[in-house]
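Peer 1: Have a look at this one before I ask anything.
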Amino acid sequence: MFTKPLVAIALLASFCYTHAQECTLVLQGKITDFHDSQPLELAQIYVVQLQKTYISKSDGSYEITDLCPGNYNISISHYDCDTKKTEIKIDQNKTLHITLEHHINDLEEVKILADVHDNHSSTQSSTRIESKTIQQYSGASLGDALATVSGVSTLKTGNSVVKPIIHGLYGSRVAIVNDGLRQQDQEWGVEHAPNIDINTASTIEVIKGASALRYGGDAIGGTILITPARVIAKDTLNGHAIIQGQTNGRGGSATTTVNKYRKSGWYQQATLTYKKLGDFEAPDYVLSNTGSETTAVKLGVGFKTFEYGASAKYSHYQSEIGILRASHIGNASDLVRSINSGQPLIINDFTYNIEAPKQQVAHHGLQFNAYRRFSGLGKLNIDYSFQFNNRQEYDIRRGENAGRASLDMDLQTQNISVYGMADAFENTIYEAGIDYMTQVNRPDAATEVRRLIPDYNASKVGAFTSVTHNPSENWVLDAGLRYDRYHINATKFYLQSRWEDLGYDEQFASFEIGREGNQIKTQPEFQYDLFAFTAGAKYEFNTDYDLSINLSSANRAPNPSELFSDGLHHALATIELGRLDLRKEQSYKINTAFHVNKGRLDLEINPYLNFVNDFIQLVPTGLETTIRGAFPVFQYEQINARLYGIDLHASYDFWTKKPAKKRYTHPNELVYKAIKLLSLETNMSYIHGTSTSDEEPLIDMPPAQIQTQLTWYNAGIQNFDLYVSNHAVFQQNRFPDNNFPVSIPNDEGQLITSTVDISSTPAAYSLWNVGASYAFAKANTKINLTVNNLLNSQYRSYLNRQRFYADEIGRDLQLQIIYNF
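In my numbering, the protein residues as written are 76 to 896.
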């Protein structure tokens, strides 16, 4: 009668004993930093099935006991880390070592995340443009946005072609790196603006000097880094849409950016932009044929985790830009009259039509990127890119050639680079890389016009290495070295008379490969060895003050325009002559920066000195009359130059209030940040450029200028801001005398000698701007109303090539609606 109960008790005891035996399994291991394999203390290991959290010890070790056989979902987290999740099968005692991304303040992430005005994390002088400012310039150009940085000016051909100038240097001396891709779009001359849609940028960093060796050693002026929106590991959709209208030009722009992110690491990004403007207007007249139309698209897809990732991106930029009709003159008399009269000779009614003279550009970019991080070492990047650029320039042509381009060039560029960063060593980061570029330029002979730039092939192979060391919390030391070999060969026809007048028949006889009529067929070939070196130090006295100094030496080879230009440049209405005997430029620069961030004051002072041996500049030399009209002649020359100057940026918060809540950026760090109510911001820059070869001023040096803005935040209403700004530009009193005489008929038909004043600079001017903005719908929607040149001031800019023929644009009212989602 006791048999069944005894059996039941025995079975229950056996089950309990067996179960107790099975639930004694152990999972253990260490949690370490992916970069340097250092242990991570206080990491949290959460076991979903047990609903229990375990904590790692000071040596990074952890232990989870009393586990039963089965599958477990585990989540591992640590402050300043991306959380890692994994599933593990337990059927015996196991050891599982886990690495986490601890350094989210990795250099590349800081460049993207930091939305501050100045970057003080290295010895190089650099400034970051905030995303707020980029959105305000949504309907403008990249150059216009960059001009908000002290030490950066713009060189213009009219109002639509804008090139950045950094510390007096522009063109191929300034590298523009768009999303890791160095832009190649025939940017050699002054009238070729970067074919970049500013709306693809989340941040823009301006590096003033040749210290960004990863992207080339020839950027003796500086480097502009354009960075898109940061990829986040989260299932979300975000972006923004911007619509803008303006009265001057009677047009506007529309752009939208959409980013789709997934927690798995997959993402897609897209930006579409369209701009349309008619003729701009000066205070007293229409600037005929100055309209523009631009379409841009950028698409990207990729996969990104901390350990590895890859991406593919495509961009297209297409623009049609009218050139001021009055800048194309029929004869020498009209040219003298136009320059001396102060008013365009051709003024038509407003129109959206874009007629010759004009330029059309189309730029395509395709890039592939892959990277891999190696535990205990660092990161390896491999990039490939292809760029295709077509540029067409239209002169005023009649007869059977009417409507046919006078210049039509295709430029193809391919780049491949391998870049490595080792950041696993305590207080030291090493970087190294190699890259190769090949380039082909092909003008279209169907234009039936003498080619301004000939057929050419070019290649460049380079390598660099750099190191950044922090010997203590107060010091940052860095140094870098780069070498490039640049090779270029062309096929070009020279008029025999010009070839001999220049002495090339003796100096470059080896380039001659044939004759056709009165032309000599040549095959110029050049090779340049380019070296760049940079070294710097920065000392932080405390959290409020720091001082940095950077020394750099760099070479730049002459670009194709400087070597081979030979003919009429239709976009500028000038004849340009290159020189085959140009040598590479050699720059020696000292760049210093003193920074104060104390209380309500943020101040940076940046003095610099740059010696450039064999400096190449384009100067006017006379007038030449062709069957198309009379045009100023500009020729490249080479001198030794000295440039020095100072930039200043300062902001002061006159009125602040305490925030309603304090916020934490670290589990043990409480941060207090006052809210601005009334703030004054000022940028000032001055540069002094001299030819040491003859002690004469350099041409096209930016005049001294001061930009000041007073902003009243929450002006009586929450999220309603008001501002007033002033841009004061002094007259440039240092300029070379390049005036030249011409013979023109007077009223009686007799020839008289007149002087073409192509050197004198415009008077100083002061522009006032006002604006208001209001954010609503939880600050996701914002309306900006801006009036530029409020007083409708009449002025001309020394750095605008159209200053000889017309005034700058007058008052412009802009309305902008921004929706963030």
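The C-beta atom is built at its ideal place from N, Cα and C for all residues, glycine as well.
No experiment lies behind these values; they were computed from the predicted model shown.
Using a Cβ-Cβ distance cut-off of 7 Å, determine whether A387 contacts chain B.
Peer 2: No chain B appears in this structure, which consists of one protein chain only.
Peer 1: Quick one: what's got a C-beta closer than 7 Å to R479's C-beta in the same chain, skipping five residues either side?
Peer 2: Contacts found: R472, T522.
Peer 1: What did DSSP end up calling P239 once you bin it into helix, strand or coil?
Peer 2: Residue state, collapsed to three classes: strand.
Peer 1: In angstroms, rounded to a whole number, what distance separates the CA positions of K373 and G440?
Peer 2: Their Cα atoms are separated by approximately 9 Å.
Peer 1: Can you tell me which of the three DSSP states N476 falls into?
Peer 2: N476: helix per DSSP, three-state reduction.
Peer 1: Excluding sequence positions up to five away, which residues of its chain have a Cβ less than 7 Å from the Cβ of Q807?
Peer 2: Around Q807: M776, P778, T836, Y873.
Peer 1: Are the segment 118-128 and the segment 144-154 in contact at 8 Å, needing three or more beta carbon pairs?
Peer 2: Yes: at least three Cβ pairs fall under 8 Å.
Peer 1: Figure out for me which residue from Q877, G720, D254 has the closest Cα to the Cα of F443.
Peer 2: When only C-alpha atoms are compared, the closest one is D254.
Peer 1: Report yes if the C-beta distance between Y894 and T856 is below 7 Å; otherwise report no.
Peer 2: Yes, the Cβ-Cβ distance between Y894 and T856 is below 7 Å.
Peer 1: Using DSSP with H/G/I as helix, E/B as strand and the rest coil, what is Y603?
Peer 2: Strand at Y603.
Peer 1: Using beta-carbon positions only, say whether P68 and V227 come within less than 7 Å of one another.
Peer 2: Residue coverage of the chain in this structure runs from 76 to 896, which leaves residue 68 outside it and unanswerable.
Peer 1: Using the DSSP secondary-structure output, state which residues sit across from S200 in a beta bridge.
Peer 2: BP columns for S200 are empty, so no partner.
Peer 1: Give me, in chain order, the residues of the same chain whose beta-carbon lies closer than 7 Å to that of E184; leave out the 5 immediate sequence neighbours on both sides.
Peer 2: The pLDDT assigned to E184 is 37, lower than 50, so where the model puts this residue is not dependable, and the model offers no usable value.
Peer 1: Given D34, which residues of its chain have a CB within under 6 Å of its CB, disregarding the five upstream and five downstream residues?
Peer 2: Because the chain is modelled from 76 through 896, residue 34 falls outside the range shown and cannot be assessed.
Peer 1: Distance check for A294 and P303, CA to CA, integer angstroms please.
Peer 2: In a straight line, the C-alpha of P303 is about 22 Å away from that of A294.
Peer 1: For the beta strand (DSSP E) that F795 lies in, which residues bound it at each end?
Peer 2: Segment 795-804, the beta strand (DSSP E) holding F795.
Peer 1: Pull up the distance between the alpha-carbon of S363 and that of V831, whole angstroms please.
Peer 2: Each residue's alpha carbon lies about 24 Å from the other.
Peer 1: Take T311 as the anchor and find which of S534, V333, K664, G296 has the nearest alpha-carbon.
Peer 2: Of the listed residues, the one whose Cα sits closest to T311 is V333.
Peer 1: Can you tell me whether DSSP reads N415 as helix, strand or coil?
Peer 2: Of the three classes helix, strand and coil, the one that applies to N415 here is helix, per DSSP.
Peer 1: Let me know if V817 comes out buried or exposed under the rule of 16 or more other beta-carbons within 10 Å of its beta-carbon.
Peer 2: Its Cβ being crowded by 16 or more others within 10 Å, V817 is buried.
Peer 1: Nearest-angstrom Cα distance between I301 and Y290?
Peer 2: Each residue's Cα considered, the two are about 12 Å apart.
Peer 1: Along the alpha helix (DSSP H) that carries Q571, what are the first and last residues, could you check?
Peer 2: Start and end: 571-576.
Peer 1: Can you tell me whether D359 is buried or exposed? The criterion is at least 16 other CB atoms within 10 Å of its CB, across all chains shown.
Peer 2: D359 comes out exposed.
Peer 1: Skipping 5 residues on each side, what residues in its chain have a beta carbon closer than 7 Å to that of L865?
Peer 2: Result list for L865: W843, N844, V845, R886, in chain order.
Peer 1: Can you tell me whether DSSP reads T298 as helix, strand or coil?
Peer 2: The answer is strand: DSSP assigns T298 an E or B state.
Peer 1: Alpha carbon to alpha carbon, how far is E468 from R412? Give it in angstroms, no decimals.
Peer 2: Distance between the alpha carbons of R412 and E468: 26 Å.
Peer 1: Looking only at C-alpha atoms, which of T696, Y511, N617, A716 sits nearest to V493?
Peer 2: Ranking the options by Cα distance to V493, first place goes to Y511.
Peer 1: Quick one: what's Q259 bridged to in DSSP?
Peer 2: Paired residues: none, contrary to the question.
Peer 1: If we ignore side chains and look at the alpha-carbon of each, how far apart do I595 and S640 end up?
Peer 2: Answer to the nearest angstrom: the Cα atoms are 16 Å apart.
Peer 1: Short check: CB of Q462 to CB of Q259, under 7 Å?
Peer 2: Yes, the pair counts as a contact, with Cβ atoms nearer than the cut-off.
Peer 1: For P777, which three-state DSSP category applies?
Peer 2: Of the three classes helix, strand and coil, the one that applies to P777 here is coil, per DSSP.
Peer 1: For the alpha helix (DSSP H) containing T426, name the first residue and the last one.
Peer 2: First-last for T426: undefined, no H or E at that position.
Peer 1: Give the secondary structure of Y336 by DSSP, where H, G and I count as helix, E and B as strand, and everything else as coil.
Peer 2: In the structure shown, Y336 sits in a strand (DSSP, three-state: E or B).
Peer 1: For K105, count the other beta carbons within 10 Å of its own beta carbon; 16 or more makes it buried, fewer makes it exposed. Which is it?
Peer 2: By the 10 Å Cβ count, K105 comes out buried.
Peer 1: What residues in its chain sit with their C-beta under 6 Å from that of G537, if we drop five residues either side in the sequence?
Peer 2: Same-chain partners within the cutoff: D510, D559.
Peer 1: Would the beta-carbon of P635 fall within 7 Å of that of L657?
Peer 2: No, they are not a contact pair.
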